[in-house]
Amino acid sequence: MKILLATKGQTLDSAIDERFARASYFLIYDDKTGQLDVINNNQELSHGAGPQAVQIAIDNGASAIISAMPGQNALQAIRAANIKIYEAVGLSAKQAIEKLKSNELKEL
Amino acid sequence: MIIAILSGKGGTGKTTVSTNLAYVLDKKGHSVKLIDLDAEEPNAHLFFDIDYSEHIDVDVKIPKVDNAKCTHCGDCAKACQFSAIVVSSKSVLVFAHLCHACGACLLACKYNALEEIPKNIGKISLGSANGIDFVKSQMNIGEPSAVRIIRQAKKYTNKDKINILDCPPGVSCPTVESIQMADFCVLVTEPTPFGLHDLKLAVDLTRQFGLKIGIVINRYDNKFIELESYLEENNIPMLLKIPYDIKIAQSYSKGKLFSKEIPQYENMFVELYNKILEIVQ
Ligand code: SF4
Ligand code: SF4
Chain L
4 MKILLATKGQ TLDSAIDERF ARASYFLIYD DKTGQLDVIN NNQELSHGAG
54 PQAVQIAIDN GASAIISAMP GQNALQAIRA ANIKIYEAVG LSAKQAIEKL
104 KSNELKEL
Chain E
16 MIIAILSGKG GTGKTTVSTN LAYVLDKKGH SVKLIDLDAE EPNAHLFFDI
66 DYSEHIDVDV KIPKVDNAKC THCGDCAKAC QFSAIVVSSK SVLVFAHLCH
116 ACGACLLACK YNALEEIPKN IGKISLGSAN GIDFVKSQMN IGEPSAVRII
166 RQAKKYTNKD KINILDCPPG VSCPTVESIQ MADFCVLVTE PTPFGLHDLK
216 LAVDLTRQFG LKIGIVINRY DNKFIELESY LEENNIPMLL KIPYDIKIAQ
266 SYSKGKLFSK EIPQYENMFV ELYNKILEIV Q
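Laid out in structure tokens, this is it:
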């Protein structure tokens with residue numbers, strides 16, 4: 004399964020960003036292969052950031068998102084695309100992945 | 016003649032100038048049309064008793080997906096620069112309130128899976144403001160862009176009249192749409208560093224379109240000289256200084272026209288118009 008993590012930095016040690024759509028980076032983590040792709044989220048849209056972030060998740064084949072609470076638009080798109088979303092502010096990406104595996108993350 | 020009244024930022028007094036100029040010119044026997052193009056926050060009507068004769072809906076066309084034809088290829092989402100469409104293998108979602116109705120997605124769809132449906136984004140109201148021809152543009156709350164409404168409202172200019180356009184604040188697309196056919200642009204500013212900063216942006220914008228301009232300084236208090244040196248250095252005509260006068264502020268806050276309430280200010284707007292005429296001709 005591929006997971007999109009909305010983070011402040013480029014590694015699995017970075018913290019989950021307080022914002023979903025405007026997070027600094029999106030990490031795409033494949034928990035089967037351990038492969039990590041880093042997307043620099045330097046978008047400047049004044050509106051539409053939420054839908055764009057969800058499109059990035061879809062285009063990268065993510066079936067789960069770990070982030071802060073997304074906005075209304077993003078949430079709607081996440082639901083329509085049938086992606087699972089988990090909240091994990093305060094954790095690092097690595098911690099969040101571990102908690103996801105042990106079913107300790109709150110699904111939104 | 017079309018006179019656009021604009022300002023680099025909101026709250027500098029462009030509606031004050033628009034409404035008082037319209038009132039005084041009408042009083043002096045000119046045939047005036049006042050058009051409020053600030054569709055996001057129209058407020059020129061607050062200074063008159065408006066008798067509306069007609070309201071016209073402004074609709075745009077937004078995409079709607081035909082699920083039977085859609086292959087979920089994602090081309091429409093890629094074409095949309097406003098991220099108003101999200102395509103997944105399960106769904107195509109159009110965010111109507113983000114859609115600018117540009118039509119790019121329709122062109123991009125190879126499967127003819129998008130059709131257009133109308134969406135109302137606001138209205139234009141026609142009427143009479145104490146005898147002055149009046150047009151108000153009004154955008155629905157939450158719409159992303161006022162450009163289409165402004166484009167429609169502009170069609171009500173009348174070449175036999177003096178058209179005064181109360182333009183949207185700022186220097187983005189709605190303002191650009193508003194000033195394009197103007198014979199003259201009045202830039203309203205205030206004597207502060209912020210005022211000057213935003214004025215420069217507005218000057219740059221009007222110069223890009225090669226428009227004739229002049230400046231009105233509102234709440235003039237003789238203190239901030241950088242503004243006047245900037246105007247001199249750049250050869251920008253100074254049309255009018257509206258003094259910092261508590262009586263003007265009071266009349267504004269009551270929704271009154273100060274050129275009507277305080278008669279000694281009436282002539283100020285006649286002179287403003289004369290200076291505009293001089294430059295235009
Ligand atoms: S471009 Fe057309 S076919 Fe492709 S996803 Fe969009 S609507 Fe469907
Ligand atoms: S019409 Fe333009 S803004 Fe609206 S969804 Fe299509 S491409 Fe996006």
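In order, the protein sequences belong to chains L and E. Numbering-wise (this note's numbering), the first sequence opens with residue 4 and increments by one. Numbering-wise (this note's numbering), the second sequence opens with residue 16 and increments by one. We treat Cβ as the ideally placed atom computed from N, Cα and C, and that holds for glycine.
Simplified DSSP assignment, three categories, for Phe-209 of chain E: helix
Residues that Gly-229 of chain E bridges to, as DSSP identifies them: E:Val-201
If distances are taken between C-alpha atoms only, which option among E:Ser-143, E:Gly-229, E:Val-201 and E:Leu-287 comes closest to Phe-62 of chain E? E:Ser-143
Check for me: the alpha helix (DSSP H) holding Ser-33 of chain E runs from which residue to which? 29-42
May I have all residues whose beta carbon comes closer than 6 angstroms to any heavy atom of ligand 1, sorted in chain order? E:Val-80, E:Cys-85, E:Thr-86, E:His-87, E:Cys-88, E:Gly-89, E:Asp-90, E:Cys-91, E:Val-102, E:Val-107, E:Ala-123, E:Cys-124, E:Tyr-126, E:Ala-128 and E:Leu-129
Measure the alpha-carbon distance for Val-107 of chain E versus Gly-53 of chain L and round it to whole angstroms. 15 angstroms
Whole beta strand (DSSP E) runs in the stretch 48-111 of chain E with 3 or more residues, listed along the chain? 65-80, 100-102 and 107-109
Where the beta strand (DSSP E) containing Tyr-28 of chain L begins and where it ends: 28-33
Since I believe Ala-128 of chain E is in contact with Ala-94 of chain E (beta carbons under 8 angstroms), could you give me their beta-carbon distance rounded to a whole number of angstroms? Not quite, the Cβ-Cβ distance comes to about 13 angstroms (not below 8 angstroms), so this is no contact.
Could you work out which residue in E:Lys-169, E:Pro-206 and E:Pro-208 is closest to Thr-190 of chain E when comparing CA atoms only? E:Lys-169
Check the Cβ-Cβ distances between Ala-24 of chain L and every residue of chain E, and say whether any is below 7 angstroms. no
Tell me whether Leu-156 of chain E sits in a helix, a strand or coil according to DSSP, three-state version. A small correction: the amino acid at residue 156 of chain E is Ile; Leu does not occupy that position in the sequence shown. Looking at Ile-156 of chain E - three-state DSSP - the assignment turns out to be coil, as it is neither helix nor strand.
Along chain E, in chain order, which residues have C-beta atoms closer than 8 angstroms to that of Pro-54 of chain L? Ser-98, Ala-99, Ile-100, Val-101, Leu-108, Phe-110 and Leu-113
Using a C-beta cutoff of 7 angstroms, does Lys-105 of chain E count as contacting chain L? yes
N-terminal and C-terminal residue of the beta strand (DSSP E) that Met-253 of chain E is part of: 253-258
Any C-beta of chain L sitting closer than 7 angstroms to the C-beta of Ala-116 of chain E? no
Going by the DSSP bridge assignment, what does Glu-110 of chain L pair with across the sheet? L:Tyr-89
Comparing the CB of Gly-118 of chain E with every heavy atom of ligand 2, is any distance shorter than 6 angstroms? yes
Would you say Thr-10 of chain L and Ala-96 of chain L are within 7 angstroms of each other, going by their C-beta atoms? yes
Does the Cβ of Cys-188 of chain E lie closer than 6 angstroms to at least one heavy atom of ligand 3? Of the ligands this structure carries, namely ligand 1 and ligand 2, none is ligand 3.
Closer than 6 angstroms: Ala-83 of chain L CB and nearest ligand 2 heavy atom: no
I want to see whether chain L comes within less than 7 angstroms of Ala-92 of chain E, judged by CB atoms only; does it? yes
When DSSP labels each residue in this structure, what does Val-150 of chain E get in the three-state scheme? strand
For Ala-186 of chain L, verify whether its CB is less than 6 angstroms away from any heavy atom of ligand 2. Chain L is shown from 4 up to 111; residue 186 of chain L falls before or after that span and cannot be answered.
Closer than 7 angstroms, Cβ to any Cβ of chain L: which residues of the stretch 136-159 of chain E, in chain order? Pro-159
Pick out whichever of E:Phe-199, E:Tyr-235 and E:Tyr-245 has its Cα sitting closest to the Cα of Gly-225 of chain E. E:Phe-199
Counting only Cβ pairs nearer than 7 angstroms, list the residues of chain E close to Gly-51 of chain L. Phe-97, Ser-98, Ala-99 and Leu-113
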